[in-house]
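Colleague: Please see the structure below; I have some questions.
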Amino acid sequence: MEKQEEKNSIEEQTAEELRITEKAIEMLRTVFDPEIPVNVYDLGLIYKIDYEVESKTLHVDMTLTAPSCPAADFILEDVRQKLVSIKGPEKVDLRLVFDPVWDQSMMSEEAKLELGFL
185 MEKQEEKNSI EEQTAEELRI TEKAIEMLRT VFDPEIPVNV YDLGLIYKID YEVESKTLHV
245 DMTLTAPSCP AADFILEDVR QKLVSIKGPE KVDLRLVFDP VWDQSMMSEE AKLELGFL
């Protein structure tokens, strides 16, 4: 009986991780760089989304199109506000990283099309 309970617990945990990750992506698609008409997720600026069920912590690594991006503070605050609005996580660990360096190949096909790269 214990193995079945453990299996159910793992399945519930996996379902919760998936739900939170999908909600995070949904919220990130509402964050735009004011200079580019494409959301940060489709631009390829989000490198990692991990949700730890035990600690109720959402870990997100993201970058910017350039380290000197003039809208950096605005974008980061918008991302943070959207992520903390998600029901479930009690903490958001948002990290700004520049490795690997962002380039246009990281954009989704939709973003490339929107920006005229296709």
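Counted from 1, the sequence shown has number 282 at position 98 by the numbering used here; the numbering is strictly sequential.
Glycine is no exception: its CB is placed at the ideal position from the N, C-alpha and C atoms.
Keep in mind it's a predicted model, so treat the numbers as computed, not measured.
Check L278 in the structure and name its three-state DSSP category.
Modeller: Of the three classes helix, strand and coil, the one that applies to L278 here is strand, per DSSP.
Colleague: Going by DSSP in three states, T241 sits in which element: helix, strand or coil?
Modeller: Of the three classes helix, strand and coil, the one that applies to T241 here is strand, per DSSP.
Colleague: For I194, count neighbouring C-beta atoms within 10 Å of its own C-beta (all shown protein chains included) and say buried if the count is 16 or more, exposed if not.
Modeller: With fewer than 16 Cβ atoms within 10 Å of its Cβ, I194 is classed as exposed.
Colleague: Going by the CB atoms, is the gap between E274 and V222 shorter than 9 Å?
Modeller: Contact flag unset, no.
Colleague: Buried or exposed for G300, going by 16 or more other Cβ atoms inside 10 Å?
Modeller: Exposed, since its Cβ has fewer than 16 Cβ neighbours within 10 Å.
Colleague: Under DSSP, the beta strand (DSSP E) around D232 begins and ends at which residues?
Modeller: Residue 232 is actually Lys in this sequence, not Asp. Taken as a continuous stretch (DSSP letters only), the beta strand (DSSP E) holding K232 covers I230 to E236.
Colleague: Is the beta carbon of Y235 sitting closer than 9 Å to the one on A208?
Modeller: It is a contact, given that the beta carbons lie within the stated cut-off.
Colleague: Do Y225 and T247 come within 9 Å of each other at the CB atom, strictly closer than that value?
Modeller: Not in contact: T247 and Y225 (Cβ atoms no closer than 9 Å).
Colleague: Under a three-way DSSP split, which group does M290 fall into?
Modeller: M290 falls in the helix class under three-state DSSP.
Colleague: Mind checking K266: buried by the 16 CB within 10 Å criterion, or exposed?
Modeller: When all chains shown are included, K266 counts as buried.
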